[in-house]
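Trainee:
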Amino acid sequence: MSYTDDERIRAKRRALYILAQRDHSKKELYDKLIKNYPPDLCEMVVGLMCEHDLINEEKYTEKLYRAYINKGWGKSKIRFELRRKGLPDSLISQQEEEYDTEDFIDEIMHLVDKKYASKLDFSDYKSVQRVTAALARRGFAYDDIKLALSRIKDGDYDEYGENEEYDE
Numbered sequence: 001m002s003y004t005d006d007e008r009i010r011a012k013r014r015a016l017y018i019l020a021q022r023d024h025s026k027k028e029l030y031d032k033l034i035k036n037y038p039p040d041l042c043e044m045v046v047g048l049m050c051e052h053d054l055i056n057e058e059k060y061t062e063k064l065y066r067a068y069i070n071k072g073w074g075k076s077k078i079r080f081e082l083r084r085k086g087l088p089d090s091l092i093s094q095q096e097e098e099y100d101t102e103d104f105i106d107e108i109m110h111l112v113d114k115k116y117a118s119k120l121d122f123s124d125y126k127s128v129q130r131v132t133a134a135l136a137r138r139g140f141a142y143d144d145i146k147l148a149l150s151r152i153k154d155g156d157y158d159e160y161g162e163n164e165e166y167d168e
C-alpha cells in the first residue's frame, strides 16, 4: 500500500522519538508503532531504522544481558526476558557463551552472602529450601544453587564475597 509523505514522515519521527528514549529491539519498536500506524508502514520504518543502525540487536542483547546479571538474575530468567523483548535466540545463546557456569555460581554465593545469609540455616531443611526457591525464582539453575550452597556450607566462600578456591 502506498502512503503519503506525511504519514511516512510521522511514523519515522515517532520511531526516532521512541529510539531516543532508550534502545529497543525490532519487535519492541514494531509493537509501539503498530498502535498508531498500519502494519506494513511499521515494518518499513523498522527496516529503515535497522538500515541506519539505529536498531542494533546484537549490542542491545549484550547490554541487557550484562544489566540483568548485575541485577542478580540467573540464566533462565535472563533468557526468558530477552525472548520476551523479541531478541533472536542466536544472539541470546551468543551472550550465554560469554558467561560460564562459574560466573553464575559466584553470583549465587554473593547473593546468599548479601541477601539470604540471615535466612539460611543449614541445619534447618526448610530454611535451605526457602533460599533455594528464592534463588530459583531469580532464574538460577538448581544444580548451580546446590553447588553454591555446598561451597558455602563447606566454607569455600569468605565474607568478602570471594571464592577462596579460585583466588590464586
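Quick note on numbering: full-length UniProt numbering labels position 100 of the sequence shown as 100, and the sequence is numbered without any gaps. Beta carbons: idealized from backbone N, C-alpha and C, even for Gly.
Please state whether DSSP places residue 82 in a helix, a strand or coil.
Mentor: helix
Trainee: Give me the Cβ distance between residue 28 and residue 85, rounded to the nearest whole Å; I'm assuming they're in contact under 8 Å.
Mentor: 6 Å
Trainee: Starting from the Cα of residue 23, find the closest Cα among 46, 133 and 77 and give me that residue.
Mentor: Ranking 46, 133 and 77 by Cα distance to residue 23 puts 46 first.
Trainee: Is the distance from the Cβ of residue 148 to the Cβ of residue 92 below 7 Å?
Mentor: no
Trainee: So, at 7 Å on beta carbons, what are the nonlocal neighbours of residue 16 in its own chain, with the 5 sequence-adjacent residues on each side left out?
Mentor: Cβ contact annotation for residue 16 (same chain, cutoff 7 Å, sequence separation greater than five): none.
Trainee: What residue from 57, 130 and 49 has the CA that sits closest to residue 87's CA?
Mentor: If we check each option's Cα against that of residue 87, 57 comes out closest.
Trainee: By a C-beta neighbour count over all protein chains shown, 10 Å radius and 16 as the cutoff for buried, is residue 80 buried or exposed?
Mentor: exposed
Trainee: Answer with buried or exposed for residue 117, where buried requires no fewer than 16 other C-beta atoms within 10 angstroms of its C-beta.
Mentor: Counting Cβ neighbours within 10 Å, residue 117 comes out exposed, since fewer than 16 surround it.
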